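**Student:** Protein chains in written order, with our numbering: chain A, 1 to 402; chain B, 1 to 106.
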């Protein structure tokens with residue numbers, strides 16, 4: 001049996017409501033800036049909820065040649081922009097493209113989907129654009145990255161709703177650790193701020209009218225965000241050999257399914273995923289210094305997540321910092337796990353705890369230190385990032401300071 | 001599929017427009033687009049061919065039906081494509097003329 005290899009995060013790229021690169025994301029997080037604002041990119045007259053964490057001022061023509069744009073939904077555009085940044089930052093030159101991977105959270109091309117059916121049903125269009133299918137397909141962002149960088153190893157997308165990109169990173173981690181590949185571009189992209197999909201979210205009765213205040217007594221629900229976050233994962237020795245800057249180490253990955261309710265989280269399922277990640281990393285609960293929570297800002301999620309944390313961490317839950325980045329970047333759905341993991345990696349790298357923005361009042365159901373409203377310097381060595389999806393699918397990643 | 005005369009390639013203005021669009025979408029030298037030219041020899045990518053057909057539909061305001069028994073690999077030469085499009089255009093013209101005649105008679 002081969003010896004498991006260590007896995008390094010050597011590159012990060014991100015585009016989000018906090019700005020169009022990783023530096024803007026981290027600056028926003030450390031300033032506890034909230035990216036949620038009135039929706040500007042689509043008409044909102046038919047929506048109940050008119051706020052989101054939108055990427056404002058993104059100009060596709062500044063990133064892609066005219067001939068390529070018809071092939072790219074916004075979801076793929078964002079993924080490519082983040083992937084280019086991640087690769088440029090880490091300077092990885094892929095020596096053997098068959099041992100490199102692209103594994104992303106699956107995300108359909110919502111903008112294309114919405115526009116196509118509006119044209120067909122709403123405007124009686126006679127035909128649709130021939131690139132409609134390749135733009136919509138949920139593997140499009142992964143395929144586009146594979147094609148742009150000539151990556152020829154295992155490339156695919158994982159689907160687990162809001163845990164999709166956490167599952168993707170976890171699989172990339174396992175495949176590098178197990179020796180199947182040497183490097184991976186992994187993470188996710190999501191551009192779901194379109195009328196049809198937001199209308200569907202309206203009907204679920206979980207959207208907040210304006211702010212996202214995880215763990216705060218006056219929280220009113222979640223806010224949809226759009227983003228892409230791409231991480232470059234490399235076999236540790238591979239990264240060291242080329243003197244790559246190592247941002248953090250991926251230490252463990254745990255998964256579970258609630259097999260319970262469709263949309264209600266389950267503390268036991270979440271706790272099992274956290275325990276699985278700890279066991280995978282051969283770490284004890286006491287080794288964990290910070291948790292980047294799933295923290296959606298719904299009454300039920302936050303209460304259940306704190307209960308799950310208590311099952312795993314016991315009284316340590318009272319003093320361990322546990323914050324939610326969704327208060328700043330919104331709920332980025334298929335990209336959520338990836339952007340939150342990127343923030344967690346930067347927290348370890350810089351020794352700064354990401355805050356929970358918009359926090360007003362402590363909730364007796366959530367008696368935790370959620371790093372309210374201000375980032376805080378702290379020596380942290382091990383951090384956990386939680387993702388719990390509709391459908392009861394849970395993914396938990398553990399990072400260690402490099 | 002009807003064989004296209006070489007001469008028609010240089011005289012029929014509709015063919016000239018079709019070839020202009022085809023050359024633009026596939027980025028292939030317009031001069032190389034002769035009836036017998038093989039699409040794979042020319043290096044035409046399938047996605048560019050699809051876009052070219054879409055643009056031809058848009059320009060002429062017609063639906064170009066899929067050649068059903070060859071879906072996915074409909075055309076092997078430039079002539080195949082052009083004669084299929086011309087047949088569709090002729091059919092559309094005939095239908096229009098018929099409607100006009102019916103209108104005049106009524």
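All residues carry an ideal CB built from backbone N, CA and C; glycine is no exception. Keep in mind that this is a model prediction, so the values were computed, not measured.
Does any residue of chain A bring its CB to less than 8 Å from the CB of residue 110 of chain B?
**Tutor:** Because chain B spans 1 through 106 in this model, residue 110 of chain B falls outside it and cannot be assessed.
**Student:** Within its chain, find whatever has a CB closer than 6 Å to the CB of residue 394 of chain A; leave out the 5 residues flanking it on each side and keep chain order.
**Tutor:** Stepping through the first chain from its first residue, residue 394 of chain A is reached at position 394. Within the same chain, residue 394 of chain A has close Cβ partners 256, 269, 270, 273, 388.
**Student:** If you scan the segment 270 to 319 of chain A from start to end, which runs of the beta strand (DSSP E) of 3 or more residues do you find wholly inside it?
**Tutor:** 290 to 292
**Student:** Along the segment 8 to 30 of chain B, where does the CB come closer than 7 Å to a CB of chain A? Name the residues.
**Tutor:** none
**Student:** Within its chain, find whatever has a CB closer than 7 Å to the CB of residue 294 of chain A; leave out the 5 residues flanking it on each side and keep chain order.
**Tutor:** Here residue 294 of chain A refers to the residue found at position 294 when the first chain is read from its first residue. Here the set comprises 301, 305, 386, 387, 388.
**Student:** Give me the Cα-Cα distance between residue 12 of chain B and residue 126 of chain A, rounded to the nearest whole angstrom.
**Tutor:** Taking the second chain and counting its residues from 1, one reaches residue 12 of chain B at position 12. Taking the first chain and counting its residues from 1, one reaches residue 126 of chain A at position 126. Residue 12 of chain B and residue 126 of chain A: Cα-Cα distance of roughly 28 Å.
**Student:** For chain B, check one thing: does any of its Cβ atoms lie closer than 8 Å to the Cβ of residue 60 of chain A?
**Tutor:** Here residue 60 of chain A refers to the residue found at position 60 of the first chain. Chain B, which has no Cβ nearer than 8 Å to the Cβ of residue 60 of chain A, makes this no.
**Student:** In terms of residues, what are the limits of the alpha helix (DSSP H) holding residue 194 of chain A?
**Tutor:** Locating residue 194 of chain A in the first chain gives position 194, where the first residue counts as 1. Element bounds for residue 194 of chain A: n/a, residue is neither H nor E.
**Student:** If the cut is a Cβ gap below 7 Å, which residues of chain B does residue 479 of chain A touch?
**Tutor:** Since the first residue of chain A shown is 1 and the last is 402, residue 479 of chain A is not available in this structure.
**Student:** Under 9 Å Cβ-Cβ, which residues of chain A neighbour residue 50 of chain B?
**Tutor:** Position 50 of the second chain, counted from the start, is the residue given in the question as residue 50 of chain B. Within 9 Å Cβ-Cβ: 130, 131.
**Student:** Any beta carbon of chain A sitting closer than 8 Å to that of residue 1 of chain B?
**Tutor:** The residue given as residue 1 of chain B occupies position 1 in the second chain. Interpretation of residue 1 of chain B is limited by its pLDDT of 45, a score under 50 that renders its predicted location unreliable; the figure taken from the coordinates is listed afterwards. No, its Cβ sits nowhere closer than 8 Å to a Cβ of chain A.
**Student:** With DSSP as the reference, please indicate the residues paired to residue 29 of chain B in a beta bridge.
**Tutor:** Here residue 29 of chain B refers to the residue found at position 29 when the second chain is read from its first residue. Residue 29 of chain B pairs with nothing; no bridge assigned.
**Student:** Are the C-beta atoms of residue 63 of chain B and some chain E residue less than 8 Å apart?
**Tutor:** Protein chains in the displayed structure are A and B, and chain E is not among them.
**Student:** When we look at the beta-carbon of residue 367 of chain A and count the other beta-carbons within 10 Å, is it buried (16 or more) or exposed?
**Tutor:** Numbered from its first residue, the first chain carries residue 367 of chain A at position 367. Exposed, because fewer than 16 other Cβ atoms sit within 10 Å of the Cβ of residue 367 of chain A.
**Student:** For the segment 75 to 94 of chain A and the segment 181 to 188 of chain A, state whether three or more C-beta atom pairs, one from each stretch, are separated by less than 8 Å.
**Tutor:** yes
**Student:** Do residue 85 of chain A and residue 21 of chain A come within 8 Å of each other at the CB atom, strictly closer than that value?
**Tutor:** Residue 21 of chain A sits at position 21 when you count from the first residue of the first chain. Residue 85 of chain A sits at position 85 when you count from the first residue of the first chain. Taking 8 Å as the Cβ cut-off, residue 21 of chain A and residue 85 of chain A qualify as a contacting pair.
**Student:** In the structure shown, what three-state DSSP assignment does residue 206 of chain A receive?
**Tutor:** For the purposes of this step, residue 206 of chain A is identified with residue 206 of the first chain, where counting begins at 1. Residue state, collapsed to three classes: coil.
**Student:** Let's see if you can read the secondary structure: which residues bound the beta strand (DSSP E) around residue 230 of chain A?
**Tutor:** As a first step, residue 230 of chain A must be located in the first chain, where it is residue number 230. Element bounds for residue 230 of chain A: 227 to 235.
**Student:** Can you tell me whether residue 1 of chain B is helix, strand or coil according to DSSP?
**Tutor:** If you number the second chain from 1, residue 1 of chain B lands on position 1. Model confidence at residue 1 of chain B stands at a pLDDT of 45, short of 50, so the residue's coordinates are unreliable; what they give is reported in the following sentence. Residue 1 of chain B: coil per DSSP, three-state reduction.
**Student:** Between which residues of its own chain and residue 361 of chain A is the CB-CB distance below 7 Å, once the five residues before and five after are set aside?
**Tutor:** Here residue 361 of chain A is taken as the residue at index 361 of the first chain, counted from 1. If we look at residue 361 of chain A and ignore the five residues flanking it on each side, its Cβ neighbours are 216, 217, 218.
**Student:** Contact defined as beta carbons within less than 8 Å: I believe residue 222 of chain A pairs with residue 198 of chain A. What is the distance between those atoms, to the nearest angstrom?
**Tutor:** By one-based count along the first chain, residue 222 of chain A stands at place 222. By one-based count along the first chain, residue 198 of chain A stands at place 198. Contact doesn't hold; Cβ gap of about 12 Å is too wide.
**Student:** According to the neighbour-count rule (16 or more other Cβ atoms, all chains shown, within 10 Å of its Cβ), is residue 100 of chain B buried or exposed?
**Tutor:** Indexing the second chain from 1 puts residue 100 of chain B at position 100. Label assigned to residue 100 of chain B: exposed.
**Student:** Nearest by alpha-carbon distance to residue 89 of chain A: which of A:247, A:331, A:400, A:333 is it?
**Tutor:** Here the question's residue 89 of chain A lines up with position 89 in the first chain. Checked all of A:247, A:331, A:400, A:333; the closest Cα to residue 89 of chain A is A:247.
**Student:** Let me make sure I understand the geometry here. Which of A:309, A:281, A:349 has the alpha-carbon closest to that of residue 267 of chain A?
**Tutor:** In the first chain, residue 267 of chain A corresponds to position 267, counting from 1. Among A:309, A:281, A:349, the Cα nearest to that of residue 267 of chain A is on A:309.
**Student:** Measure from the alpha carbon of residue 49 of chain B to the alpha carbon of each residue in B:105, B:74, B:93, then state which is nearest.
**Tutor:** For the purposes of this step, residue 49 of chain B is taken as the residue at position 49 of the second chain. The shortest Cα separation from residue 49 of chain B among B:105, B:74, B:93 belongs to B:74.
**Student:** Leaving out five residues before and five after residue 192 of chain A in sequence, what residues of the same chain have Cβ atoms less than 7 Å from its Cβ?
**Tutor:** The count along the first chain starts at 1 and reaches residue 192 of chain A at position 192. Result list for residue 192 of chain A: 110, 224, 226, 333, in chain order.
**Student:** Which residues, in order along the segment 106 to 130 of chain A, keep a beta-carbon less than 9 Å from a beta-carbon of chain B?
**Tutor:** 126, 127, 129, 130
**Student:** When we look at the beta-carbon of residue 79 of chain A and count the other beta-carbons within 10 Å, is it buried (16 or more) or exposed?
**Tutor:** In the first chain, the residue the question calls residue 79 of chain A occupies position 79. Buried, since its Cβ has 16 or more Cβ neighbours within 10 Å.
**Student:** To which residues does DSSP link residue 30 of chain A through a beta bridge?
**Tutor:** To locate residue 30 of chain A, count along the first chain from 1; it is residue 30. Bridge partners of residue 30 of chain A: none, in fact.
**Student:** State whether the segment 237 to 244 of chain A contacts the segment 322 to 333 of chain A, with contact taken as three or more CB pairs (one from each stretch) at a distance under 8 Å.
**Tutor:** no
**Student:** So for residue 116 of chain A, helix, strand or coil by DSSP?
**Tutor:** Counting from one through the first chain, the residue named residue 116 of chain A turns up at place 116. Correct three-state label for residue 116 of chain A: helix.
**Student:** Rounded to a whole number of angstroms, what is the C-alpha to C-alpha distance between residue 220 of chain A and residue 298 of chain A?
**Tutor:** For the purposes of this step, residue 220 of chain A is taken as residue 220 along the first chain, with counting starting at 1. For the purposes of this step, residue 298 of chain A is taken as residue 298 along the first chain, with counting starting at 1. One C-alpha to the other measures close to 6 Å.
**Student:** What is the C-beta distance between residue 162 of chain A and residue 390 of chain A, in whole angstroms, given that I count them as a contact (C-beta under 8 Å)?
**Tutor:** In the first chain, the residue the question calls residue 162 of chain A occupies position 162. In the first chain, the residue the question calls residue 390 of chain A occupies position 390. About 7 Å separates the two Cβ atoms, so the contact holds.
**Student:** Would a C-beta distance cut-off of 8 Å place residue 40 of chain A and residue 56 of chain A closer than the cut-off?
**Tutor:** Along the first chain, read from residue 1 onward, the residue named residue 40 of chain A stands at position 40. Along the first chain, read from residue 1 onward, the residue named residue 56 of chain A stands at position 56. The answer is yes: Cβ separation under 8 Å.
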